[in-house]
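K.L.:
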Amino acid sequence: MPWVGRLHARDDVIELSRRRLTQEGTRVVTLTGLAGVGTTSVARAVVAGHPSTVPFVDARRTTQPGALAQVVLDAVATSDLVIVDDADRAPEARAELTHVLHTQPMAQIITTASAPLRVPGETVVRVPPLPLPGPDHDPEEYAEQPAVRLFLEASARAGAAIDLDEPTLRDVAAICAELGGVPQAIVMAAARTPTLAPSTLRDLLVTSSPSAVIPGRVAEDGHDLFTTIAWSESLLDEPSRRLLSDLAVFCSAVPLEAVLAVCGQPDLIESLSSLVDAHLVEPLHGGAESRYRLSPLVRERAAQALHDDPEREAALAARHTAWAATVARRARDLQADGRPSASLRQVGPVEPEILAALERAVTAEDVPTAVTLLLGIASTWFNRAPTQSELAWVQRVGG
(Lines of atoms letter the chains of each structure in order from A; the text may use other names.)
(Lines give C-alpha, C1' and ligand atoms only; values in the text may rest on other atoms or scores of the structure.)
Protein backbone atom coordinates (compact mmCIF):
# COMPACT_ATOMS: atom_id res chain seq x y z
CA MET A 0 0.00 0.00 0.00
CA PRO A 1 1.45 3.43 -0.88
CA TRP A 2 2.08 6.15 1.66
CA VAL A 3 -0.97 8.13 2.63
CA GLY A 4 -1.10 11.57 1.01
CA ARG A 5 2.12 11.03 -0.89
CA LEU A 6 0.99 13.18 -3.83
CA HIS A 7 0.47 16.37 -1.88
CA ALA A 8 1.84 19.36 -3.83
CA ARG A 9 2.79 17.27 -6.86
CA ASP A 10 0.37 18.64 -9.48
CA ASP A 11 2.97 20.95 -11.02
CA VAL A 12 5.65 18.29 -11.45
CA ILE A 13 3.12 15.80 -12.83
CA GLU A 14 1.86 18.30 -15.39
CA LEU A 15 5.41 19.30 -16.33
CA SER A 16 6.32 15.65 -16.91
CA ARG A 17 3.30 15.15 -19.16
CA ARG A 18 4.25 18.22 -21.20
CA ARG A 19 7.81 16.99 -21.57
CA LEU A 20 6.54 13.68 -22.95
CA THR A 21 4.72 15.50 -25.72
CA GLN A 22 7.69 17.61 -26.80
CA GLU A 23 9.31 16.71 -30.10
CA GLY A 24 12.45 14.64 -29.67
CA THR A 25 11.69 13.49 -26.12
CA ARG A 26 12.25 9.75 -25.79
CA VAL A 27 12.87 9.52 -22.06
CA VAL A 28 11.54 11.57 -19.15
CA THR A 29 13.71 10.89 -16.12
CA LEU A 30 12.26 11.81 -12.74
CA THR A 31 15.12 12.42 -10.33
CA GLY A 32 15.00 13.11 -6.61
CA LEU A 33 16.46 12.33 -3.23
CA ALA A 34 15.47 8.95 -1.83
CA GLY A 35 12.00 9.18 -0.34
CA VAL A 36 10.65 12.16 -2.30
CA GLY A 37 8.19 9.97 -4.21
CA THR A 38 9.47 9.77 -7.78
CA THR A 39 7.76 6.40 -8.22
CA SER A 40 4.34 7.73 -7.25
CA VAL A 41 4.84 10.75 -9.51
CA ALA A 42 5.69 8.43 -12.42
CA ARG A 43 2.51 6.44 -11.84
CA ALA A 44 0.46 9.64 -11.66
CA VAL A 45 1.95 10.92 -14.91
CA VAL A 46 0.53 7.94 -16.82
CA ALA A 47 -2.85 7.97 -15.09
CA GLY A 48 -5.48 8.24 -17.79
CA HIS A 49 -3.19 6.89 -20.51
CA PRO A 50 -5.29 5.16 -23.20
CA SER A 51 -3.71 1.78 -22.48
CA THR A 52 -2.13 0.07 -19.52
CA VAL A 53 1.44 1.30 -19.04
CA PRO A 54 3.84 -1.50 -18.09
CA PHE A 55 5.85 -0.97 -14.91
CA VAL A 56 9.41 -2.34 -14.78
CA ASP A 57 11.25 -2.52 -11.45
CA ALA A 58 14.90 -2.22 -12.48
CA ARG A 59 16.07 -3.44 -9.07
CA ARG A 60 14.90 -6.90 -10.09
CA THR A 61 16.99 -6.95 -13.27
CA THR A 62 20.27 -7.90 -11.68
CA GLN A 63 21.91 -9.64 -14.63
CA PRO A 64 23.56 -7.80 -17.54
CA GLY A 65 21.12 -7.51 -20.44
CA ALA A 66 18.08 -8.27 -18.29
CA LEU A 67 16.79 -4.70 -18.18
CA ALA A 68 16.89 -4.30 -21.96
CA GLN A 69 15.03 -7.57 -22.47
CA VAL A 70 12.30 -6.76 -19.94
CA VAL A 71 11.78 -3.29 -21.41
CA LEU A 72 11.70 -4.66 -24.97
CA ASP A 73 9.04 -7.15 -23.90
CA ALA A 74 7.04 -4.29 -22.35
CA VAL A 75 7.38 -2.10 -25.44
CA ALA A 76 5.77 -4.88 -27.46
CA THR A 77 2.49 -4.15 -25.67
CA SER A 78 2.70 -0.39 -25.09
CA ASP A 79 4.37 2.66 -26.61
CA LEU A 80 5.05 3.98 -23.09
CA VAL A 81 6.85 2.17 -20.26
CA ILE A 82 7.80 3.11 -16.70
CA VAL A 83 11.24 1.93 -15.57
CA ASP A 84 11.54 2.45 -11.83
CA ASP A 85 14.96 2.88 -10.19
CA ALA A 86 16.54 2.61 -13.63
CA ASP A 87 20.04 3.37 -12.40
CA ARG A 88 19.99 0.35 -10.09
CA ALA A 89 20.33 -2.03 -13.05
CA PRO A 90 23.79 -3.01 -14.37
CA GLU A 91 24.71 -1.02 -17.48
CA ALA A 92 21.35 0.77 -17.41
CA ARG A 93 22.47 3.57 -19.72
CA ALA A 94 23.74 1.24 -22.42
CA GLU A 95 20.74 -1.07 -22.19
CA LEU A 96 18.14 1.70 -22.38
CA THR A 97 20.05 3.28 -25.26
CA HIS A 98 19.81 -0.07 -27.06
CA VAL A 99 16.04 -0.15 -26.50
CA LEU A 100 15.65 3.39 -27.84
CA HIS A 101 17.65 2.59 -30.97
CA THR A 102 15.76 -0.60 -31.74
CA GLN A 103 12.30 0.77 -30.87
CA PRO A 104 12.13 4.28 -32.39
CA MET A 105 8.48 4.83 -31.41
CA ALA A 106 8.86 3.90 -27.75
CA GLN A 107 8.95 6.40 -24.89
CA ILE A 108 10.14 5.66 -21.37
CA ILE A 109 9.48 7.31 -18.02
CA THR A 110 12.29 6.47 -15.65
CA THR A 111 12.98 7.22 -12.02
CA ALA A 112 16.59 7.52 -10.94
CA SER A 113 18.83 9.23 -8.42
CA ALA A 114 20.47 11.31 -11.18
CA PRO A 115 20.16 11.87 -14.94
CA LEU A 116 20.85 8.75 -17.02
CA ARG A 117 22.44 10.62 -19.97
CA VAL A 118 20.61 8.58 -22.61
CA PRO A 119 19.56 9.89 -26.05
CA GLY A 120 16.43 12.03 -26.06
CA GLU A 121 16.36 12.37 -22.27
CA THR A 122 14.57 15.20 -20.48
CA VAL A 123 15.10 15.47 -16.74
CA VAL A 124 12.36 16.54 -14.33
CA ARG A 125 13.58 17.17 -10.79
CA VAL A 126 11.14 16.11 -8.06
CA PRO A 127 11.76 18.35 -5.04
CA PRO A 128 10.92 17.75 -1.39
CA LEU A 129 7.58 19.09 -0.18
CA PRO A 130 7.45 22.84 0.46
CA LEU A 131 7.78 23.79 4.10
CA PRO A 132 6.01 26.50 6.10
CA GLY A 133 8.08 29.67 6.09
CA PRO A 134 8.49 32.28 8.82
CA ASP A 135 5.89 34.44 7.05
CA HIS A 136 3.19 31.78 7.36
CA ASP A 137 0.48 32.29 9.94
CA PRO A 138 0.52 29.31 12.35
CA GLU A 139 -3.20 28.92 11.70
CA GLU A 140 -2.30 28.06 8.10
CA TYR A 141 0.22 25.36 9.02
CA ALA A 142 -2.35 22.57 8.82
CA GLU A 143 -2.89 23.41 5.14
CA GLN A 144 0.79 23.17 4.24
CA PRO A 145 1.57 19.98 2.25
CA ALA A 146 4.25 18.59 4.55
CA VAL A 147 2.26 19.26 7.71
CA ARG A 148 -0.91 17.82 6.16
CA LEU A 149 0.96 14.67 5.18
CA PHE A 150 2.29 14.26 8.74
CA LEU A 151 -1.16 14.69 10.25
CA GLU A 152 -2.73 12.19 7.84
CA ALA A 153 0.00 9.63 8.50
CA SER A 154 -0.34 10.15 12.27
CA ALA A 155 -4.07 9.52 12.08
CA ARG A 156 -3.42 6.41 10.03
CA ALA A 157 -1.05 5.20 12.76
CA GLY A 158 -3.82 5.62 15.33
CA ALA A 159 -2.55 8.75 17.06
CA ALA A 160 -4.91 11.51 18.14
CA ILE A 161 -3.13 14.84 17.71
CA ASP A 162 -4.55 18.14 18.93
CA LEU A 163 -4.45 20.75 16.18
CA ASP A 164 -3.59 23.62 18.50
CA GLU A 165 -0.96 26.18 17.54
CA PRO A 166 1.95 24.76 19.62
CA THR A 167 1.41 21.28 18.20
CA LEU A 168 1.23 22.56 14.63
CA ARG A 169 4.47 24.47 15.21
CA ASP A 170 6.07 21.25 16.45
CA VAL A 171 4.85 19.35 13.39
CA ALA A 172 6.16 22.08 11.07
CA ALA A 173 9.54 21.89 12.84
CA ILE A 174 9.59 18.09 12.44
CA CYS A 175 8.93 18.39 8.71
CA ALA A 176 11.73 20.95 8.41
CA GLU A 177 14.16 18.74 10.33
CA LEU A 178 13.36 15.97 7.82
CA GLY A 179 13.90 18.24 4.85
CA GLY A 180 10.33 17.92 3.58
CA VAL A 181 10.98 14.37 2.34
CA PRO A 182 7.59 12.59 2.23
CA GLN A 183 8.81 9.11 3.14
CA ALA A 184 10.75 10.45 6.12
CA ILE A 185 7.73 12.48 7.26
CA VAL A 186 5.45 9.44 7.07
CA MET A 187 7.92 7.25 8.95
CA ALA A 188 8.32 9.88 11.67
CA ALA A 189 4.55 10.29 11.93
CA ALA A 190 4.28 6.55 12.53
CA ARG A 191 6.05 7.21 15.86
CA THR A 192 3.28 9.47 17.16
CA PRO A 193 1.41 6.75 19.06
CA THR A 194 4.60 6.52 21.16
CA LEU A 195 6.07 10.03 20.95
CA ALA A 196 4.21 13.34 21.03
CA PRO A 197 5.14 15.81 18.28
CA SER A 198 7.01 17.96 20.80
CA THR A 199 9.09 14.96 21.85
CA LEU A 200 9.74 14.00 18.24
CA ARG A 201 10.85 17.55 17.50
CA ASP A 202 13.24 17.59 20.46
CA LEU A 203 14.64 14.19 19.48
CA LEU A 204 15.35 15.38 15.94
CA VAL A 205 16.98 18.60 17.14
CA THR A 206 19.18 16.93 19.74
CA SER A 207 20.13 13.77 17.86
CA SER A 208 19.55 12.90 14.21
CA PRO A 209 16.89 11.74 11.71
CA SER A 210 18.02 8.12 12.00
CA ALA A 211 17.15 8.20 15.70
CA VAL A 212 13.52 8.75 14.70
CA ILE A 213 13.35 6.90 11.39
CA PRO A 214 15.83 4.02 11.52
CA GLY A 215 16.88 2.53 8.19
CA ARG A 216 14.01 0.15 7.76
CA VAL A 217 12.18 -0.77 4.58
CA ALA A 218 9.18 1.43 3.83
CA GLU A 219 5.88 0.14 2.50
CA ASP A 220 7.01 0.52 -1.11
CA GLY A 221 10.14 -1.55 -0.53
CA HIS A 222 12.60 1.34 -0.45
CA ASP A 223 15.07 1.58 2.42
CA LEU A 224 15.59 5.31 2.89
CA PHE A 225 19.08 5.56 4.35
CA THR A 226 20.46 2.62 2.38
CA THR A 227 19.30 4.27 -0.83
CA ILE A 228 20.96 7.56 0.13
CA ALA A 229 24.18 5.69 0.93
CA TRP A 230 23.99 3.95 -2.43
CA SER A 231 23.67 7.32 -4.21
CA GLU A 232 26.77 8.51 -2.38
CA SER A 233 28.67 5.39 -3.42
CA LEU A 234 28.26 6.36 -7.09
CA LEU A 235 30.17 9.62 -6.59
CA ASP A 236 33.78 10.06 -7.62
CA GLU A 237 36.28 10.82 -4.86
CA PRO A 238 36.33 14.64 -5.26
CA SER A 239 32.52 14.80 -5.14
CA ARG A 240 32.40 12.51 -2.11
CA ARG A 241 34.98 14.69 -0.36
CA LEU A 242 33.06 17.87 -1.17
CA LEU A 243 29.86 16.30 0.19
CA SER A 244 31.46 15.69 3.57
CA ASP A 245 33.14 19.11 3.52
CA LEU A 246 29.78 20.82 3.05
CA ALA A 247 28.73 19.48 6.45
CA VAL A 248 30.78 22.32 7.98
CA PHE A 249 27.90 24.63 7.02
CA CYS A 250 24.68 24.61 9.03
CA SER A 251 22.45 26.43 6.55
CA ALA A 252 22.09 27.36 2.88
CA VAL A 253 25.18 29.27 1.72
CA PRO A 254 26.20 31.10 -1.46
CA LEU A 255 28.76 29.78 -3.91
CA GLU A 256 31.26 32.31 -2.54
CA ALA A 257 31.20 30.48 0.79
CA VAL A 258 31.62 27.05 -0.80
CA LEU A 259 34.60 28.26 -2.83
CA ALA A 260 36.23 29.97 0.16
CA VAL A 261 35.79 27.13 2.65
CA CYS A 262 35.79 23.99 0.50
CA GLY A 263 38.03 25.18 -2.32
CA GLN A 264 39.34 22.22 -4.30
CA PRO A 265 40.17 21.53 -7.95
CA ASP A 266 37.10 21.18 -10.19
CA LEU A 267 34.79 22.26 -7.37
CA ILE A 268 32.04 23.37 -9.76
CA GLU A 269 32.09 19.96 -11.46
CA SER A 270 31.84 18.18 -8.11
CA LEU A 271 29.09 20.51 -6.90
CA SER A 272 27.17 19.85 -10.12
CA SER A 273 27.43 16.10 -9.53
CA LEU A 274 26.02 16.52 -6.01
CA VAL A 275 23.14 18.66 -7.29
CA ASP A 276 22.39 16.14 -10.06
CA ALA A 277 22.18 13.39 -7.44
CA HIS A 278 19.99 15.54 -5.15
CA LEU A 279 22.56 15.18 -2.36
CA VAL A 280 22.88 18.98 -2.39
CA GLU A 281 19.78 21.12 -2.78
CA PRO A 282 20.21 24.28 -4.89
CA LEU A 283 18.15 27.36 -4.06
CA HIS A 284 18.06 29.79 -6.97
CA GLY A 285 15.65 32.41 -5.67
CA GLY A 286 16.93 35.88 -4.82
CA ALA A 287 20.11 37.59 -5.94
CA GLU A 288 22.38 34.53 -5.90
CA SER A 289 22.29 30.76 -5.85
CA ARG A 290 22.66 29.07 -2.48
CA TYR A 291 23.30 25.44 -1.57
CA ARG A 292 22.41 23.26 1.39
CA LEU A 293 22.44 19.64 2.47
CA SER A 294 19.20 17.84 3.15
CA PRO A 295 19.05 16.88 6.85
CA LEU A 296 18.86 13.24 5.73
CA VAL A 297 22.15 13.64 3.86
CA ARG A 298 23.83 15.85 6.45
CA GLU A 299 23.94 13.13 9.09
CA ARG A 300 26.19 10.84 7.04
CA ALA A 301 28.22 13.72 5.63
CA ALA A 302 28.90 15.12 9.09
CA GLN A 303 29.97 11.71 10.35
CA ALA A 304 32.35 11.29 7.41
CA LEU A 305 33.89 14.68 8.16
CA HIS A 306 34.13 13.91 11.88
CA ASP A 307 36.00 10.71 11.05
CA ASP A 308 38.82 12.88 9.63
CA PRO A 309 39.68 15.19 12.58
CA GLU A 310 42.52 16.97 10.79
CA ARG A 311 40.35 17.86 7.81
CA GLU A 312 37.47 18.80 10.09
CA ALA A 313 39.69 21.24 12.01
CA ALA A 314 41.04 22.79 8.81
CA LEU A 315 37.55 23.30 7.42
CA ALA A 316 36.34 24.81 10.68
CA ALA A 317 39.23 27.29 10.59
CA ARG A 318 38.45 28.26 6.99
CA HIS A 319 34.76 28.56 7.85
CA THR A 320 35.56 30.95 10.69
CA ALA A 321 37.89 32.98 8.48
CA TRP A 322 35.24 33.28 5.77
CA ALA A 323 32.56 34.29 8.31
CA ALA A 324 34.90 36.93 9.74
CA THR A 325 35.45 38.34 6.24
CA VAL A 326 31.69 38.64 5.73
CA ALA A 327 31.33 40.27 9.16
CA ARG A 328 34.02 42.85 8.37
CA ARG A 329 32.32 43.73 5.08
CA ALA A 330 29.02 44.19 6.89
CA ARG A 331 30.63 46.34 9.58
CA ASP A 332 32.26 48.58 6.96
CA LEU A 333 28.96 49.01 5.13
CA GLN A 334 27.27 49.93 8.38
CA ALA A 335 30.00 52.49 9.09
CA ASP A 336 29.44 53.98 5.63
CA GLY A 337 25.80 54.57 6.48
CA ARG A 338 24.49 51.69 4.38
CA PRO A 339 22.56 49.55 6.88
CA SER A 340 20.45 47.83 4.21
CA ALA A 341 23.56 46.70 2.33
CA SER A 342 25.07 45.54 5.61
CA LEU A 343 22.00 43.45 6.35
CA ARG A 344 22.15 41.90 2.88
CA GLN A 345 25.67 40.75 3.68
CA VAL A 346 25.00 39.03 6.99
CA GLY A 347 21.26 38.29 6.96
CA PRO A 348 21.31 35.27 4.62
CA VAL A 349 24.29 33.70 6.42
CA GLU A 350 23.50 34.66 10.01
CA PRO A 351 23.41 31.00 11.17
CA GLU A 352 26.94 30.55 9.80
CA ILE A 353 28.23 33.67 11.53
CA LEU A 354 26.69 32.53 14.81
CA ALA A 355 28.27 29.08 14.39
CA ALA A 356 31.66 30.72 13.81
CA LEU A 357 31.05 33.00 16.80
CA GLU A 358 30.32 30.01 19.02
CA ARG A 359 33.53 28.39 17.81
CA ALA A 360 35.58 31.54 18.49
CA VAL A 361 34.10 32.04 21.96
CA THR A 362 34.74 28.39 22.87
CA ALA A 363 38.35 28.72 21.68
CA GLU A 364 38.71 32.01 23.62
CA ASP A 365 39.69 33.71 20.36
CA VAL A 366 38.60 37.17 21.48
CA PRO A 367 39.68 39.19 18.39
CA THR A 368 37.77 36.91 16.03
CA ALA A 369 34.73 36.80 18.32
CA VAL A 370 34.65 40.61 18.48
CA THR A 371 34.97 40.87 14.68
CA LEU A 372 32.09 38.46 14.17
CA LEU A 373 29.90 40.13 16.78
CA LEU A 374 30.49 43.66 15.46
CA GLY A 375 29.60 42.51 11.98
CA ILE A 376 26.24 41.14 12.96
CA ALA A 377 25.22 43.02 16.11
CA SER A 378 24.77 46.32 14.29
CA THR A 379 21.96 44.75 12.28
CA TRP A 380 20.37 43.52 15.50
CA PHE A 381 20.35 47.00 17.00
CA ASN A 382 18.75 48.52 13.92
CA ARG A 383 15.65 46.87 15.36
CA ALA A 384 14.80 45.54 18.80
CA PRO A 385 17.32 42.73 19.53
CA THR A 386 16.01 39.43 20.83
CA GLN A 387 17.00 37.95 24.18
CA SER A 388 19.27 35.41 22.50
CA GLU A 389 21.01 38.21 20.58
CA LEU A 390 21.52 40.22 23.75
CA ALA A 391 22.96 37.09 25.35
CA TRP A 392 25.60 36.93 22.59
CA VAL A 393 26.59 40.54 23.28
CA GLN A 394 26.91 39.69 26.97
CA ARG A 395 28.98 36.56 26.30
CA VAL A 396 31.50 38.36 24.12
CA GLY A 397 31.53 41.67 25.97
CA GLY A 398 31.30 40.29 29.46
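Heads up, the sequence shown is in numbering that gives the first Met the number 0, so the first residue is 0 and it goes up one at a time.
C-beta atoms are modelled at their ideal positions from N, C-alpha and C, and glycine is treated no differently.
Please read all numbers here as calculations on a predicted model, not as lab measurements.
1) At which residue ranges does the segment 62-141 contain complete alpha helix (DSSP H) runs of 4 or more residues, listed in the order of the chain?
2) What are the uninterrupted segments assigned as beta strand (DSSP E) that are 3 or more residues long and contained completely in the segment 20-55, given in chain order?
3) So, for Gly180: in the same chain, excluding its five sequence neighbours on each side, which residues have a beta-carbon less than 6 Å away from its beta-carbon?
4) For the segment 236-247 and the segment 286-300, state whether three or more C-beta atom pairs, one from each stretch, are separated by less than 8 Å.
5) Would a C-beta distance cut-off of 8 Å place Leu204 and Ala34 closer than the cut-off?
6) I'd like to know if the segment 280-288 and the segment 225-237 are in contact, where contact means that at least 3 CB-CB pairs between them fall below 8 Å.
7) Taking Asp276 as the reference, give the member of Asp365, Ser239, Val261 with the closest Cα.
8) If I measure Cβ to Cβ from Val45 and keep anything under 7 Å in the same chain, skipping five residues before and after, which residues do I get?
9) Any idea what DSSP makes of Glu281, helix, strand or coil?
10) With Leu274 as the anchor, note down where its alpha helix (DSSP H) starts and where it stops.
11) Under a Cβ-count criterion, where at least 16 other Cβ atoms within 10 Å of its own Cβ denotes burial, should Arg117 be classed as buried or exposed?
12) Could you check which residue in His49, Val27, Asp57, Gln22 has the C-alpha nearest to that of Thr39?
13) Identify which residue in Trp322, Ala377, Ala189, Arg19 has its Cα closest to the Cα of Glu256.
14) Gly37: buried (16+ other C-beta within 10 angstroms of its C-beta) or exposed?
15) Helix, strand or coil for Arg298, going by three-state DSSP, please let me know.
16) Given this structure, state the Cα-to-Cα distance separating Ile174 from Gln345, to the nearest angstrom.
17) On the premise that Val126 lies in contact with Gly32, defined as a C-beta separation below 8 Å, what is that separation, rounded to the nearest angstrom?
18) Could you check whether Ala327 and Leu374 sit closer than 8 Å to each other, using their CB atoms as the reference points?
19) I need the straight-line Cα distance from Asp10 to Leu195, nearest angstrom please.
20) Are the CB atoms of Leu149 and Ala142 within a distance shorter than 8 Å?
21) Here's the rule: buried if 16 or more other CB atoms are within 10 angstroms of the residue's CB, otherwise exposed. What is Arg395?
22) Measuring straight from C-alpha to C-alpha, what distance separates Ala42 and Leu30?
23) For Arg169 and Pro138, which I take to be in contact (beta-carbon distance under 8 Å), what is that distance rounded to the nearest angstrom?
24) Considering only C-alpha positions, which residue in the set Met105, Arg331, Ser273 is nearest to Gly24?
25) For a quick check, are the C-beta atoms of Leu267 and Val261 less than 8 Å apart?
26) Enumerated in chain order, which unbroken segments of the alpha helix (DSSP H) with a length of 4 residues or greater are wholly contained in the segment 190-239?
27) Taking Ile376 as the reference, give the member of Ala160, Gly347, Gly397 with the closest Cα.
28) Can you give me the Cβ contacts of His7 inside the same chain, cut-off strictly under 8 Å, excluding the 5 residues immediately before and after it?
29) Going by the DSSP bridge assignment, what does Asp57 pair with across the sheet?
30) Write down every uninterrupted run of the alpha helix (DSSP H) in the segment 347-395 whose length is 4 residues or greater and which is fully enclosed by it, in chain order.
31) Touch check for the segment 94-102 and the segment 60-74: three-plus C-beta pairs under 8 Å?
32) Excluding the five sequence neighbours on either side, which residues of its own chain have a C-beta within less than 8 Å of the C-beta of Ala229, listed in chain order?
P.N.:
The answer reads as follows:
1) Counting only runs of 4 or more, we get 66-75, 92-102.
2) 27-31
3) Answer for Gly180: Pro128, Leu129, Leu131, Ala146, listed in chain order.
4) yes
5) no
6) Counting C-beta pairs with one atom in each stretch, the segment 280-288 and the segment 225-237 have fewer than three that are closer than 8 Å, which means they do not touch.
7) Ser239
8) Excluding positions up to five away in sequence, the list reads Ile13, Ser16, Arg17, Ile109.
9) strand
10) Start and end: 267-276.
11) exposed
12) Ranking the options by Cα distance to Thr39, first place goes to Asp57.
13) Trp322
14) buried
15) helix
16) Those two C-alpha atoms are separated by around 29 Å.
17) Yes, Gly32 and Val126 are in contact; Cβ-Cβ is about 4 Å, under 8 Å.
18) In contact: Leu374 and Ala327 (Cβ atoms closer than 8 Å).
19) 32 Å
20) By the CB criterion at 8 Å, Ala142 and Leu149 fall outside the cutoff.
21) exposed
22) 7 Å
23) 6 Å
24) Met105
25) Not in contact: Leu267 and Val261 (Cβ atoms no closer than 8 Å).
26) 197-206, 209-212, 224-233
27) Gly347
28) Leu129, Pro145, Ala146, Arg148, Leu149, Pro182
29) In the DSSP assignment, Asp57 is bridged to Asp84.
30) 350-362, 366-380
31) These segments touch.
32) Arg300
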